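Peer 1: First to last, the sequence lines map onto chains A and B.
Each residue of the first sequence is one higher than the one before, counting from 9 in this note's numbering.
Each residue of the second sequence is one higher than the one before, counting from 160 in this note's numbering.
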Amino acid sequence: MEFERNHMKYEDYKLEHFLCDEFFVKWVKNPDENTKHFWEKWLVANPQKREIVFEAAQFIKSITYQERPELSNEAYLELFENIIRFEEGELSAKKKTTREGSWFSFFSLRKIAAVLLCCFCTWVIWDIFKSYDKELKTETHLITKSNPKGIKSSIGLSDGTIIHLNSDSELIYPSEFSDSLRLVTLKGEAFFEVSKESRPFKVQMDQAVVEVLGTEFNVNQSSNNQFAVALISGKVKVNDNLGNQVVLDPSEMLVMEKDGNFYKSTFDSLEIVGWKDKNLIFNEDDFSEVKSKLENWYGIEISIKGQVSKKWAYTGQYHDEILTNVLEGIKQTSRIQYKINGKRVEITL
Amino acid sequence: MTISTARISLFNKEVVKIFESKSDLEVWNSFNKGDEMAFNYLYRTYAGVLFQFGCQFSKDQMLVQDSIQNLFISLRKKRGSLSEVSNIKGYLLRSIQREVLRNGKKTSSKMVLDDSQMDSFFQIELSPETSFIQRESADQRKIQLQEALKKLTAKQRQAILLFYEEELSYKEIAQIMDFNEVKSARKLIYRALSSLKEFIKPTI
Chain A
9 MEFERNHMKY EDYKLEHFLC DEFFVKWVKN PDENTKHFWE KWLVANPQKR
59 EIVFEAAQFI KSITYQERPE LSNEAYLELF ENIIRFEEGE LSAKKKTTRE
109 GSWFSFFSLR KIAAVLLCCF CTWVIWDIFK SYDKELKTET HLITKSNPKG
159 IKSSIGLSDG TIIHLNSDSE LIYPSEFSDS LRLVTLKGEA FFEVSKESRP
209 FKVQMDQAVV EVLGTEFNVN QSSNNQFAVA LISGKVKVND NLGNQVVLDP
259 SEMLVMEKDG NFYKSTFDSL EIVGWKDKNL IFNEDDFSEV KSKLENWYGI
309 EISIKGQVSK KWAYTGQYHD EILTNVLEGI KQTSRIQYKI NGKRVEITL
Chain B
160 MTISTARISL FNKEVVKIFE SKSDLEVWNS FNKGDEMAFN YLYRTYAGVL
210 FQFGCQFSKD QMLVQDSIQN LFISLRKKRG SLSEVSNIKG YLLRSIQREV
260 LRNGKKTSSK MVLDDSQMDS FFQIELSPET SFIQRESADQ RKIQLQEALK
310 KLTAKQRQAI LLFYEEELSY KEIAQIMDFN EVKSARKLIY RALSSLKEFI
360 KPTI
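1) Taking three-plus beta-carbon pairs below 8 Å as touching, is the stretch 245-255 of chain B in contact with the stretch 220-232 of chain B?
2) Could you give the residue range of the alpha helix (DSSP H) that holds Phe216 (chain B)?
3) So within the stretch 227-306 of chain A, which uninterrupted alpha helix (DSSP H) runs reach at least 4 residues, ignoring any that extend past its ends?
4) For chain B, check one thing: does any of its Cβ atoms lie closer than 8 Å to the Cβ of Pro39 (chain A)?
5) So, under 8 Å CB-CB, Val220 (chain A) and Phe209 (chain A) are touching, yes? Tell me the CB distance rounded to an integer number of Å.
6) Is there at least one Cβ from chain B nearer than 8 Å to Arg76 (chain A)'s Cβ?
7) For a cutoff of 8 Å on Cβ pairs, would you count Asn90 (chain A) as touching chain B?
8) Indicate whether His149 (chain A) and Ser186 (chain A) have their beta-carbon atoms separated by less than 8 Å.
9) Does chain B have any CB closer than 8 Å to the CB of Glu354 (chain A)?
10) Tell me which residue opens and which closes the beta strand (DSSP E) that Ser162 (chain A) is part of.
11) Going by other Cβ atoms of all chains shown within 10 Å of its Cβ, with 16 needed for buried, is Ile330 (chain A) buried or exposed?
12) Quick test of the definition: if touching needs 3 or more C-beta pairs under 8 Å, does the stretch 328-348 of chain A touch the stretch 201-208 of chain B?
13) In angstroms with no decimal places, state the Cα-to-Cα distance between Val33 (chain A) and Tyr323 (chain B).
14) Quick one, are the C-beta atoms of Gly249 (chain B) and Gln317 (chain B) less than 8 Å apart?
15) Along the beta strand (DSSP E) that carries Tyr362 (chain A), what are the first and last residues, could you check?
16) Using 8 Å as the threshold, is the stretch 58-71 of chain A in touch with the stretch 343-350 of chain B, meaning 3 or more CB pairs across them?
17) With 8 Å set as the bound, which would you pick, yes or no: does the beta-carbon of Ser166 (chain A) sit closer than that to a beta-carbon of chain B?
18) Let me confirm a value: Phe31 (chain A) is counted as buried when at least 16 other C-beta atoms fall within 10 Å, else exposed. Which label applies?
19) Closer than 7 Å by beta-carbon distance: list the chain A residues that pair up with Ser353 (chain B), in chain order.
20) Given a cut-off of 8 Å, decide if Lys313 (chain A) and Thr274 (chain A) are closer than it, judged by their beta-carbon atoms.
21) Spatial neighbours of Phe198 (chain B) within its chain, please: CB distance less than 6 Å, with the 5 preceding and 5 following residues excluded, ordered by chain position.
22) Got a sec, what are the start and stop residues for the alpha helix (DSSP H) Ala8 (chain A) sits in?
23) Which of the three DSSP states, helix, strand or coil, is assigned to Arg364 (chain B)?
24) Tyr84 (chain A) touches chain B at which residues, Cβ-Cβ below 7 Å?
25) Counting Cβ pairs closer than 8 Å, one from the stretch 247-267 of chain A and one from the stretch 296-308 of chain A, do we hit at least three?
26) Would you call Leu27 (chain A) buried or exposed, if buried means 16 or more other Cβ atoms sit within 10 Å of its Cβ?
27) With 8 Å as the threshold, decide whether the Cβ of Ile335 (chain B) is near any Cβ in chain A.
28) For Ser154 (chain A), I'd like the list of residues in its chain whose CB is within less than 6 Å of its CB, leaving aside the five on either flank, ordered along the chain.
Structural data, given as structure tokens:
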């Protein structure tokens with residue numbers, strides 16, 4: 009009956025057989041080496057089937073959901089945070105989205121009890137600490153400053169320190185520093201102009217703590233967990249989680265790989281800290297680097313058409329330039345075409 | 160520190176690069192071992208897909224969001240003892256379907272449950288970029304095709320969408336749709352498409 013086509017040859021296929029064939033659908037929707045190799049050769053050998061193959065492919069490609077709601081950015085981030093925080097016992101009052109009615113069905117009483125217990129324990133421990141450590145008595149609260157892609161900002165701290173926070177980065181700092189320490193937490197990249205005084209200034213990162221007295225330096229924790237501190241002036245000490253300590257002099261940069269290996273090098277200050285003065289720098293960057301820099305800088309999404317050549321590289325400098333001018337610049341030297349569609353940019357190579 | 164690691168990398172495209180070249184099995188194993196990056200990759204890759212798919216079952220978008228949250232929380236809790244998954248998308252779609260339907264039952268009302276209303280699930284649209292349009296009488300044919308698609312059962316439409324739009328195999332479709340045998344999925348899709356073929360063909 010209808011499943012005979014399992015043993016049918018492709019040349020005997022009718023429209024509906026193509027439509028039902030996994031190997032054919034794969035080629036139409038998401039071609040890879042195998043499917044391409046086969047079907048392109050097959051079409052050459054069977055030109056009489058071209059039309060029917062074309063119709064089948066068009067039909068397969070045109071099928072889509074009528075309802076295509078998109079998860080809003082806000083919901084996307086909030087859900088993620090709720091999921092991550094759940095096991096940390098921090099969910100408590102965080103969840104705004106759930107309607108009251110489904111709250112109980114959603115999180116069982118046992119889970120709520122667990123969360124409450126964690127909160128209680130935290131409170132007890134905090135209370136004990138408070139009585140021991142008078143420094144904690146000051147009424148400070150933590151402030152979180154998060155920059156999405158495309159947004160950079162400068163933050164003045166209570167001690168006069170200025171921090172330039174790059175896009176796609178986050179800084180957590182107290183409204184007031186304690187008497188003995190100035191501690192901030194950073195994810196991503198920031199340039200610090202630390203005001204000189206007796207209390208040490210520390211930047212807590214995932215992999216290390218950077219400690220300084222008064223100085224200018226740049227800290228960058230990149231996505232692949234590589235971590236770099238570049239020092240402009242003054243002196244900094246870097247302590248990683250494994251107990252290593254490195255002291256940096258001006259014009260030195262410390263790079264720490266994700267496997268824990270680290271090395272010192274010099275750096276081009278324009279390239280490393282140029283971003284805070286609105287300099288967008290490309291230095292022999294391959295296409296994926298250029299793409300991610302542009303996406304971060306302008307807060308856009310780039311889609312690519314065509315094949316990226318392995319040799320493709322781009323060098324250029326832009327100061328406070330709008331996106332079109334940068335793309336135009338890249339187009340001039342590196343033969344790309346682009347289309348800007350609001351926050352979406354399509355680049356054809 | 161786990162929060163921050165996971166959180167920052169949500170914005171970082173590099174995470175995708177690390178896992179893109181890996182097989183589903185490898186990604187899933189990393190996730191099972193507690194790799195936050197792997198979780199991050201799963202979330203960013205599938206949150207939107209799950210939302211769209213879940214919304215086919217319920218008009219209540221909050222309910223679908225809650226379901227996605229529940230699903231990931233429970234998966235994270237089971238890390239270390241998760242069984243192997245060779246097709247993550249298929250597995251997650253199956254799980255979210257179960258979760259949405261279960262949550263929907265609890266809150267009832269807005270949820271579509273009985274068969275007559277089931278008919279409205281998984282409506283198919285023909286995207287306009289198709290070649291039909293450029294040809295004479297193409298409009299007419301497109302309308303007919305759209306009508307014919309509406310006449311399919313919700314199950315047939317779901318199967319077709321899973322097959323084309325989600326690019327799943329018959330095996331995964333059978334699992335999602337609770338068929339014991341893969342050939343039931345084949346049969347379902349074959350019958351549906353056979354009924355459409357006269358509207359797809361250019362001539363005759």
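All C-beta atoms, glycine included, are put in the ideal place defined by N, C-alpha and C.
Being a predicted model, the structure only gives us computed values, none of them experimental.
Peer 2: This is what the structure holds:
1) With a cut-off of 8 Å, the stretch 220-232 of chain B and the stretch 245-255 of chain B count as touching, because enough Cβ pairs lie within range.
2) Position 57 of the second sequence, counted from the start, is the residue given in the question as residue 216 (chain B). Neither: Phe216 (chain B) is in no alpha helix (DSSP H) and is coded neither H nor E.
3) The alpha helix (DSSP H) runs of length 4 or more contained entirely in the stretch 227-306 of chain A are, from start to end of the chain, 277-281 and 295-306.
4) The count along the first sequence starts at 1 and reaches residue 39 (chain A) at position 31. For Pro39 (chain A), the nearest beta carbon of chain B is not closer than 8 Å to its own beta carbon.
5) Along the first sequence, read from residue 1 onward, the residue named residue 220 (chain A) stands at position 212. Along the first sequence, read from residue 1 onward, the residue named residue 209 (chain A) stands at position 201. Rounded, the Cβ-Cβ distance is 5 Å, consistent with contact.
6) Sequence index remark: in the first sequence, residue 76 (chain A) carries index 68 (1-based). At least one C-beta of chain B is nearer than 8 Å to the C-beta of Arg76 (chain A).
7) In the first sequence, residue 90 (chain A) corresponds to position 82, counting from 1. Asn90 (chain A) counts as touching chain B.
8) For the purposes of this step, residue 149 (chain A) is taken as residue 141 along the first sequence, with counting starting at 1. For the purposes of this step, residue 186 (chain A) is taken as residue 178 along the first sequence, with counting starting at 1. Cβ atoms of His149 (chain A) and Ser186 (chain A): not closer than 8 Å.
9) Mapped onto the first sequence, residue 354 (chain A) falls at position 346. The Cβ of Glu354 (chain A) sits no closer than 8 Å to any Cβ of chain B.
10) Reading the first sequence from its first residue, position 154 is the one you call residue 162 (chain A). Its beta strand (DSSP E) spans residues Ser161 to Gly164.
11) Along the first sequence, one-based indexing puts residue 330 (chain A) at 322. Ile330 (chain A) should be labelled exposed.
12) Contact fails: fewer than three Cβ-Cβ distances are below 8 Å.
13) Taking the first residue of the first sequence as 1, we reach residue 33 (chain A) at position 25. Taking the first residue of the second sequence as 1, we reach residue 323 (chain B) at position 164. In this structure, the CA atom of Val33 (chain A) is about 7 Å from the CA atom of Tyr323 (chain B).
14) Here residue 249 (chain B) is taken as the residue at index 90 of the second sequence, counted from 1. Here residue 317 (chain B) is taken as the residue at index 158 of the second sequence, counted from 1. Cβ distance not < 8 Å, so Gly249 (chain B) and Gln317 (chain B) don't count as in contact.
15) Here chain A covers residues 9 to 357 and nothing more, so residue 362 (chain A) does not appear.
16) Judged by Cβ distances under 8 Å, the stretch 58-71 of chain A makes no contact with the stretch 343-350 of chain B, as fewer than three pairs qualify.
17) Locating residue 166 (chain A) in the first sequence gives position 158, where the first residue counts as 1. False, the Cβ-Cβ gap to chain B never drops below 8 Å.
18) Against the first sequence, residue 31 (chain A) aligns to sequence position 23. So Phe31 (chain A) counts as exposed.
19) Stepping through the second sequence from its first residue, residue 353 (chain B) is reached at position 194. Within chain A, the residues near Ser353 (chain B) are Glu24.
20) Residue numbering aside, residue 274 (chain A) sits at position 266 when the first sequence is read from its first letter. Residue numbering aside, residue 313 (chain A) sits at position 305 when the first sequence is read from its first letter. Result no, Cβ atoms of Thr274 (chain A) and Lys313 (chain A) do not sit closer than 8 Å.
21) Position 39 of the second sequence, counting from 1, holds the residue named residue 198 (chain B). Phe190.
22) Lying before the first or after the last residue shown, residue 8 (chain A) is absent from chain A, which here runs from 9 to 357.
23) Not covered by the structure: residue 364 (chain B). The range shown for chain B is 160 to 363.
24) On the first sequence, position 76 is the one that residue 84 (chain A) refers to. Near Tyr84 (chain A) (Cβ distances below 7 Å), the residues of chain B are Ala206.
25) Between the stretch 247-267 of chain A and the stretch 296-308 of chain A, the count of Cβ pairs shorter than 8 Å is below three; the stretches do not touch.
26) Position 19 of the first sequence holds residue 27 (chain A). When all chains shown are included, Leu27 (chain A) counts as buried.
27) As a first step, residue 335 (chain B) is located in the second sequence; it is residue number 176 there, counting from the start. Not one chain A Cβ lies under 8 Å of Ile335 (chain B).
28) As a first step, residue 154 (chain A) must be located in the first sequence, where it is residue number 146. So the list reads Glu178, once near-sequence residues are dropped.
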